[in-house]
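Report on the structure given below.
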Amino acid sequence: MSFLEYTQKTTPSGLSKILHLNWALIILLTSVCCIGFLMLYSVAGGSMSPWASTQMERFALGFVVMIIVAVVPIWFWRNVSAVAYIISILLLIGVELFGVTQMGAQRWIDLGFMRLQPSELTKITLVMVLAAYYDWLDSRLKSHPGFVAIPVGLILLPVGLTFIQPDLGTALLMLMGGAGVMFLAGVHWIYFAAVITSGVGLVGAVLYSEGRSWQLLQEYQYDRIAIFLNPTSDPLGEGYQITQSQIALGSGGWTGRGFMQGTQSQLNFLPEKHTDFIFTTLAEEFGFLGAASLLVLYLLILLFCVVTAVRTKDRYASLVTLGVAFTFFLYFAINMAMVMGLAPVVGVPLPLVSYGGSVMLVLLAAFGLVQSAHIHRPR
Amino acid sequence: MKRSEKEAEESARKVTRRAMILGGTMLATGGILAARMRYLQVERASDFRLLAEDNRIGIEHLQPPRGLIFDRMGRILADNEQNYAVVMKREDTDDLDGVLERLSRLINIDMDELAEAREAILARYPHVKVTVADRLSWEEFSAVAVNAPSLPGITPEVSLSRIYPLGADFVHVVGYVGPVSDYYLETTGDTDPILQTPGFQVGRYAVEAGLEQDLRGEAGTLWVEKNSLGRVMRELDRQDPTPGQDLQLTIDAGLQNYAQVRMAGESASAIVMDVETGDLVALASSPSYDPNLFVRGISQADYTTLLEDEFRPLASKTVQGLYPPGSTFKMMTALAALEAGVIEPDETITCNGFVELGTRRFHCWRRGGHGRMNLEDSLSQSCDVFYYDISQRVGIEGIAAMSHKFGLGERHELPLSGIASGLIPTREWKRANRNEDWLIGDTLNVSIGQGFVLASPMQLAVMTSRIATGRAVEPRLVRSLNGRVERPAPAEPLDVNPEHLEMIRRGMWSVSNARRGTAYGSRVADEELQIAGKTGTSQVRNITAAERATGVTRNEDLPWDRRDHALFVGYAPADNPRYAVSVVVEHGGGGSTAAAPIARDLLLRALHGEVPPLSSYPINQRRAIEERHDNMELIPISPTGTDENGSIQA
Numbered sequence: 013m014s015f016l017e018y019t020q021k022t023t024p025s026g027l028s029k030i031l032h033l034n035w036a037l038i039i040l041l042t043s044v045c046c047i048g049f050l051m052l053y054s055v056a057g058g059s060m061s062p063w064a065s066t067q068m069e070r071f072a073l074g075f076v077v078m079i080i081v082a083v084v085p086i087w088f089w090r091n092v093s094a095v096a097y098i099i100s101i102l103l104l105i106g107v108e109l110f111g112v113t114q115m116g117a118q119r120w121i122d123l124g125f126m127r128l129q130p131s132e133l134t135k136i137t138l139v140m141v142l143a144a145y146y147d148w149l150d151s152r153l154k155s156h157p158g159f160v161a162i163p164v165g166l167i168l169l170p171v172g173l174t175f176i177q178p179d180l181g182t183a184l185l186m187l188m189g190g191a192g193v194m195f196l197a198g199v200h201w202i203y204f205a206a207v208i209t210s211g212v213g214l215v216g217a218v219l220y221s222e223g224r225s226w227q228l229l230q231e232y233q234y235d236r237i238a239i240f241l242n243p244t245s246d247p248l249g250e251g252y253q254i255t256q257s258q259i260a261l262g263s264g265g266w267t268g269r270g271f272m273q274g275t276q277s278q279l280n281f282l283p284e285k286h287t288d289f290i291f292t293t294l295a296e297e298f299g300f301l302g303a304a305s306l307l308v309l310y311l312l313i314l315l316f317c318v319v320t321a322v323r324t325k326d327r328y329a330s331l332v333t334l335g336v337a338f339t340f341f342l343y344f345a346i347n348m349a350m351v352m353g354l355a356p357v358v359g360v361p362l363p364l365v366s367y368g369g370s371v372m373l374v375l376l377a378a379f380g381l382v383q384s385a386h387i388h389r390p391r
Numbered sequence: 020m021k022r023s024e025k026e027a028e029e030s031a032r033k034v035t036r037r038a039m040i041l042g043g044t045m046l047a048t049g050g051i052l053a054a055r056m057r058y059l060q061v062e063r064a065s066d067f068r069l070l071a072e073d074n075r076i077g078i079e080h081l082q083p084p085r086g087l088i089f090d091r092m093g094r095i096l097a098d099n100e101q102n103y104a105v106v107m108k109r110e111d112t113d114d115l116d117g118v119l120e121r122l123s124r125l126i127n128i129d130m131d132e133l134a135e136a137r138e139a140i141l142a143r144y145p146h147v148k149v150t151v152a153d154r155l156s157w158e159e160f161s162a163v164a165v166n167a168p169s170l171p172g173i174t175p176e177v178s179l180s181r182i183y184p185l186g187a188d189f190v191h192v193v194g195y196v197g198p199v200s201d202y203y204l205e206t207t208g209d210t211d212p213i214l215q216t217p218g219f220q221v222g223r224y225a226v227e228a229g230l231e232q233d234l235r236g237e238a239g240t241l242w243v244e245k246n247s248l249g250r251v252m253r254e255l256d257r258q259d260p261t262p263g264q265d266l267q268l269t270i271d272a273g274l275q276n277y278a279q280v281r282m283a284g285e286s287a288s289a290i291v292m293d294v295e296t297g298d299l300v301a302l303a304s305s306p307s308y309d310p311n312l313f314v315r316g317i318s319q320a321d322y323t324t325l326l327e328d329e330f331r332p333l334a335s336k337t338v339q340g341l342y343p344p345g346s347t348f349k350m351m352t353a354l355a356a357l358e359a360g361v362i363e364p365d366e367t368i369t370c371n372g373f374v375e376l377g378t379r380r381f382h383c384w385r386r387g388g389h390g391r392m393n394l395e396d397s398l399s400q401s402c403d404v405f406y407y408d409i410s411q412r413v414g415i416e417g418i419a420a421m422s423h424k425f426g427l428g429e430r431h432e433l434p435l436s437g438i439a440s441g442l443i444p445t446r447e448w449k450r451a452n453r454n455e456d457w458l459i460g461d462t463l464n465v466s467i468g469q470g471f472v473l474a475s476p477m478q479l480a481v482m483t484s485r486i487a488t489g490r491a492v493e494p495r496l497v498r499s500l501n502g503r504v505e506r507p508a509p510a511e512p513l514d515v516n517p518e519h520l521e522m523i524r525r526g527m528w529s530v531s532n533a534r535r536g537t538a539y540g541s542r543v544a545d546e547e548l549q550i551a552g553k554t555g556t557s558q559v560r561n562i563t564a565a566e567r568a569t570g571v572t573r574n575e576d577l578p579w580d581r582r583d584h585a586l587f588v589g590y591a592p593a594d595n596p597r598y599a600v601s602v603v604v605e606h607g608g609g610g611s612t613a614a615a616p617i618a619r620d621l622l623l624r625a626l627h628g629e630v631p632p633l634s635s636y637p638i639n640q641r642r643a644i645e646e647r648h649d650n651m652e653l654i655p656i657s658p659t660g661t662d663e664n665g666s667i668q669a
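Here you go:
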């Protein structure tokens, strides 16, 4: 792992920064994106339009953004973290007011050249602001209740705004991503234990209350839970997506049906086959080997981030890198779990593979932060 | 806030430790995801692959065209016609009500039907086609087709539906088809998947029902790729349906029509049967009704009218009607006595008008009696006392055995609905069903076809054919299936002394040709075509002593449904039998006046192959016959479509 060796004694400057990018990480990210292009080409029935070509343009844009973010020193990003956070909160509020309604939820702001999903942007700016907060905070105070309340507020504000869009998946992802940064910063584990315990207790109470006089949720919400637990009980209704995606996955076998041969996805059995359920197409067409390869690529990306974080002495850089990695992890873990029937269906895309401009741009920019942390690490 | 070196290091260590915990968690999660992948994609791969195939390939059934039904001359009795329908798929429109509203202005559909169709559409999945209206005229159909752009979701479709061009004349033979009901599925246990396709019709009555399996054909299969909502994406392969087999009946449409028209206004039935082959050339039941009503779905009002009609148009009386055969049964009693050797061929018995049995008197229909009667006279003049006498000698068992030998009390298998078996009573039967002992009086009643004995017109026709030929002729309704003419083997000779049969035939000849014969009025003038027959007048009630006292014994004085049934059985030509006939006119009065004339017309019509010439009738009757023929509204039936063998030409 020679590329992990740090021989340079001083921080590079100017164009030489390009040479000191973590090129292995870039290759990994590009590989994942290329898998995405292939799958989008396949689900369009062997056509670049409507998805693959657009996704490539966005990748090109995102790639440039990533390089720009990477060459800007990491301390600049730390200094603008709070501003970025405030801007994204304003955009989230703006979505409430001027947003475009799509698929029953207000998620987009039309910027003219592209439609921006502020909730995606917020996932990263939230990580940035929390990392900056803990960089600023005296580490002895980090478990003080008052200083725990501040980041909790910083997290719950965008989570609340996203939740009312409504976009449960993104809200959950933000919540977990923010909590992850707090955990990494070293907030006392008793807080997490308390939150997890009360969460489990709440879920238990909700399930227990079904059919009782104090029932906590509506009937249809219980139906959804029941369908998640047993998707085949309603194969043409709510359980349809889960059942169909499992059939697609399962029929892939070891090596898959071959590129463009996935009958499930080619025949439009799958809804949202180009977005949240694109993993099924990959799994069907390239089998267990293909699906596992993607998982390995994702885990390698995480590995590079963790190594970068651990090697840097800069606290902000370290927290932001790990926060980005954890957010990235949450994306693919929730998406895969959902598609494979391990988690309820919530709208979370497969990162860098699913069709979607905002996620692509935001994630590449976030990996720009990781690269910046890598290049501008203290020597 | 400035941090000390130590604090920074401590903090970095903490981040590192937590990073390792988080990294471990992420790796473990990755492991779980990989394990799940392996489970779904490797361990359960074959299950899911099957499910995926199922998803991908849908099988649609293609309806086979139903076999056509022809008469013995190749004239079509049941045809398939184009049915123009409009079907609706809800998913193709956002404005269901608007589309239906626009559609209702193009086709003739009333508000109730429209509301019904709307409900049916909303009850189904959006992609399922639902029939909105069918049996549209070509004008309506093309109006819908032309306006298709303004009717999203509406498709005009053409399918095949049954039509019976000769309508009411054949409903009691051909029957009709109807939609597949739950009741049908339950009672038949038929599991053919084609039954599940919308709009499929199955035979519900008579030949259509009896030969359903031959007529239906086999469904074709269309393999289509569909998505799992069942929406067809494209056609992969198709196997065309096998059409049902074309069926040729033994019926002669011309004769059938003649018989139906001849009996119009009566509650009656008539059978004309080929005595050699058993071919049923006419099988008429009156009144009748239009089977096309049932194919299209009969209205409740029409159905109630049919159901409540006291002439029972819905009944096919030829096989379902059971009547006391009356004097037409006397041939059985006589043959039983002759075969048992209990009477001499030339024996005479004196009829005084009644027989006394204990305290009971059994009357002859002729109050004053017939005087000395031999066998021939007893048939010809239908003396009852003669049979009261000989039946006491032969006994009920002998009579019953002879009856079964001639097909009475036997169910003749035909592809018709509700075939009745009739009843030939015996001691055991009475003991089992009435819990009473057999009385001699019962035998006397049976000897003249009264009492418990019941027979259908079909059984009487079979009996007559067997008397005419001396062979165990069986009735036959199917002449050919898919062009293969089935030629039945000649029937086995009956185990009856031919001399005895000849005596019976002579008696039957006298009935129609001797001056004192009961059917002399319905004789045939043409000596080549003389009829041998037997009249029957069967009581549907007992004449009470009070009625006898007041003299109310005349049929015309009674309400219709209490009058006697009129029967006639016979065959012609008497010396070279070709056709047997049986006619029952319900509550028609006397067999000689109500049934015999019909039987003569049918036999002559069958023998001539056309409306019989007046020269066949006695001179003094010709004017009345001519007038009747002029008033008969016969359907002109097109010339035949058969080759010299009588097979249908393609």
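As they're listed, the protein sequences go chains W and Z. Numbering-wise (our numbering), the first sequence opens with residue 13 and increments by one. Numbering-wise (our numbering), the second sequence opens with residue 20 and increments by one. Think of the CB as a built atom: it goes at the ideal place given N, C-alpha and C, for glycine as much as any other residue. All figures in this text were calculated on a predicted structure; none of them were measured in a lab.
In the DSSP assignment, what are the bridge partners of residue 102 (chain Z)? Z:178
Between which two residues does the alpha helix (DSSP H) harbouring residue 622 (chain Z) extend? 615 to 627
How long is the line joining the alpha carbons of residue 322 (chain Z) and residue 184 (chain Z), rounded to whole angstroms? 21 Å
Below 7 Å on C-beta distance, what does residue 212 (chain W) contact in chain Z? Under the 7 Å cutoff, chain Z gives no residues; its nearest Cβ is about 17 Å from residue 212 (chain W).
Among the candidates Z:468, Z:472, Z:425 and Z:436, whose CA atom is the shortest distance from the CA of residue 448 (chain Z)? Z:472
I think residue 196 (chain Z) touches residue 220 (chain Z), with their Cβ atoms under 8 Å apart; what is that distance to the nearest whole Å? 4 Å
So, for residue 337 (chain W): in the same chain, excluding its five sequence neighbours on each side, which residues have a beta-carbon less than 8 Å away from its beta-carbon? 313, 314, 317, 318, 321 and 382
Quick one: does residue 44 (chain W) have its CB under 8 Å from some CB of chain Z? no
In angstroms with no decimal places, state the Cα-to-Cα distance between residue 625 (chain Z) and residue 313 (chain Z). 31 Å
Does the CB of residue 139 (chain W) have a neighbour CB from chain Z at under 8 Å? no
Would you please state the rounded distance, in angstroms, between the beta carbons of residue 112 (chain Z) and residue 198 (chain Z)? I believe it to be under 8 Å. Not confirmed; about 27 Å, so no contact.
Determine the DSSP secondary structure at residue 598 (chain Z), reduced to helix, strand or coil. strand
Start and end residues, beta strand (DSSP E) containing residue 376 (chain Z): 373 to 376
Any beta-carbon of chain W closer than 8 Å to the one on residue 34 (chain Z)? yes
Should residue 113 (chain Z) be flagged as near chain W, meaning a C-beta pair shorter than 8 Å? no
Spatial neighbours of residue 339 (chain W) within its chain, please: C-beta separation below 8 Å, excluding the five flanking residues on both sides. 135, 136, 139, 185, 189, 192 and 378
Output yes or no for whether 8 Å exceeds the beta carbon distance between residue 315 (chain Z) and residue 154 (chain Z). yes
Does any residue of chain W bring its CB to less than 8 Å from the CB of residue 283 (chain Z)? no
C-beta atoms of residue 356 (chain W) and residue 344 (chain W) nearer than 8 Å: no
According to DSSP, residues forming a beta bridge with residue 389 (chain W): DSSP, once it has assigned bridges, lists no residue as partnering residue 389 (chain W).
Alpha-carbon spacing of residue 380 (chain W) relative to residue 74 (chain W), whole angstroms: 9 Å
Pick from Z:510, Z:500 and Z:486 that is closest to residue 493 (chain Z), judged by C-alpha positions: Z:510
Quick one: using the 10 Å Cβ neighbour count with 16 as the cut-off for buried, is residue 161 (chain W) buried or exposed? exposed
When the Cα atoms are used, what is the spatial distance from residue 18 (chain W) to residue 32 (chain W)? Note on residue 18 (chain W): pLDDT 49, under 50, position unreliable in the model; the coordinate value appears next. Going from the Cα of residue 18 (chain W) to the Cα of residue 32 (chain W) covers about 10 Å.
Mind reading off the beta-carbon distance from residue 588 (chain Z) to residue 477 (chain Z)? Whole number of angstroms is fine, and I expect it under 8 Å. Incorrect: roughly 11 Å between the Cβ atoms, too far for contact.
Measure from the C-beta of residue 56 (chain W) to each C-beta in chain Z and report whether the shortest distance is under 8 Å. no
Take residue 166 (chain W) as the anchor and find which of W:181, W:176, W:144 and W:178 has the nearest alpha-carbon. W:144
Nearest-angstrom Cα separation, counted from residue 231 (chain W) out to residue 66 (chain Z): 33 Å
Is residue 342 (chain W) near residue 196 (chain W), with beta carbons less than 8 Å apart? no
Contact defined as beta carbons within less than 8 Å: I believe residue 261 (chain Z) pairs with residue 237 (chain Z). What is the distance between those atoms, to the nearest angstrom? 4 Å
Comparing C-alpha positions only, which one of Z:518, Z:157 and Z:115 sits nearest to residue 141 (chain Z)? Z:115
Given this structure, state the Cα-to-Cα distance separating residue 84 (chain W) from residue 59 (chain Z), to the nearest angstrom. 45 Å
The region 255 to 273 of chain W / the region 295 to 304 of chain W touching (three or more Cβ pairs under 8 Å): yes
Answer with buried or exposed for residue 57 (chain W), where buried requires no fewer than 16 other C-beta atoms within 10 angstroms of its C-beta. exposed
Look up residue 148 (chain W) in the DSSP assignment and say whether it is helix, strand or coil. helix
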